[in-house]
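Working notes for the structure below.
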């Protein structure tokens, strides 16, 4: 990951230092299993454990010769034990027994960070939803004024969507936090059928039911697709807030720090740069997900075409999702909400947003068809537009409508509260414990 978006925690989790540490844990647990099964002596195991210390630079030097990182690692640790013990290092294993199981350990570590940041975002969104439960604003469809809604309902929908992603992530975490130690083609012939369960239990990860030389990559495709879906919702929220921050709408705005600058050319600019940054980064997740999907179909019991892109994607995709979760949380927590502008924007359409309420009232009280009532209301709405008049006034002066509805009934149709009557019920559903 480039320096601009690095996360120190995640950088360490996927670092060579942590990777080799995890590989050593696995190798030693394999030897521990062999000691318990009587293949090697307990004293020999203890000597091996005491002898081995990781030196990353030495591994790098060996890899220059072997062109194989796992073999370089195995040679490095083998060189530190006595000649009698060397033969038991990596005994019965294949490289991906170590690599895939090591990746599971690392991914489990990063999953805790992802879930923590998602919980923080959901907490921030819940807070703003409750604060603005009854903050009315215009709902827009196709970018055009539709009907009254509230900013709180908008935020509550985001929360509900994120909660679904949370449930999906928990399932994806469970599926990817698994190891395999089943040998070169997955038969367990050289390790015994019980070793994998023993090692994985010690590592506190799941144990694959079946594998080839590697874990099936549909597991990883599901995991990164789930992360991508979360990223898409984060992008959706950021995009919505960007729309609402436009000058002519100006219902929300990002917090702008005292010495912050918006443009090198235009001193007046206050741009939604964090939200734009989030939208840009989330697009990378789409690309990573597509690449990971291509890894599902490998040759026979395994080829290595997945390995190169996974070395990039495991770090970068998890870093990006944490990055945009953190940025959106901060933006939501400091978001400036312009209630006055929301009310002003509602008035722009001069009450035509109540056209459906009027339509339904007419359908209930007269014998005309729905089409006839629709065309009547539509003609009055278009007249209000063309004459730049308030829709309510146009309706009140129409004799056909006043023959069906009293003046007070018409006035009641234009009451905001009609659209807010079930907000509390919706919130109960979304935020129920």
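Numbering (the numbering used here), first residue to last: 23 to 455.
Idealized CB from N, CA, C, for every residue including glycine.
If residue 128 sits next to residue 40, beta carbons under 8 Å apart, how far is it from one beta carbon to the other, in whole angstroms?
7 Å
Do the stretch 392-412 and the stretch 371-384 make contact, defined as three or more Cβ pairs closer than 8 Å?
Between the stretch 392-412 and the stretch 371-384 there are three or more C-beta pairs closer than 8 Å, enough to call the two in contact.
Is the separation between the beta-carbon of residue 276 and that of residue 255 shorter than 8 Å?
no
Would you say the beta carbon of residue 399 comes nearer than 7 Å to a heavy atom of the ligand GTP?
Among the ligands in the structure shown, none appear at all, so the ligand GTP cannot be discussed.
Taking residue 188 as the reference, which of 175, 172, 142, 226 has the closest Cα?
Answer by Cα proximity: 142.
Identify every residue that forms a DSSP beta bridge with residue 167.
Residue 167 is bridged to 162.
Where the alpha helix (DSSP H) through residue 374 begins and ends
Run containing residue 374: none; DSSP gives neither H nor E here.
Relative to the alpha-carbon of residue 321, which residue among 203, 96, 239 has its alpha-carbon at the smallest distance?
Among 203, 96, 239, the Cα nearest to that of residue 321 is on 239.
Is residue 229 helix, strand or coil by DSSP?
strand
Roughly how many whole angstroms lie between the Cα atoms of residue 362 and residue 158?
10 Å
Between residue 391 and residue 242, what straight-line distance do the alpha-carbon atoms span, to the nearest angstrom?
When rounded, the separation of the alpha-carbon atoms in residue 391 and residue 242 is 56 Å.
DSSP bridge partner residues for residue 201 (one or two, in chain order):
229
Within the chosen definition, does the stretch 99-112 reach the stretch 71-85 through at least 3 CB pairs nearer than 8 Å?
yes
Using only CA atoms, which one of 428, 373, 424 lies nearest to residue 406?
373
Going by alpha carbons, who is nearest to residue 342 out of 166, 358, 251?
Of the listed residues, the one whose Cα sits closest to residue 342 is 251.
Under 6 Å Cβ to Cβ from residue 88, same chain only, skipping five residues before and after it: list those, please.
For residue 88, the CB contacts under 6 Å within the same chain, skipping 5 residues up- and downstream, are 94 in chain order.
Just to confirm the assignment, what range does the alpha helix (DSSP H) spanning residue 124 have?
117-153
Between the CA atoms of residue 135 and residue 452 - distance to the nearest angstrom
25 Å
For residue 274, which beta-bridge partners are listed by DSSP?
359
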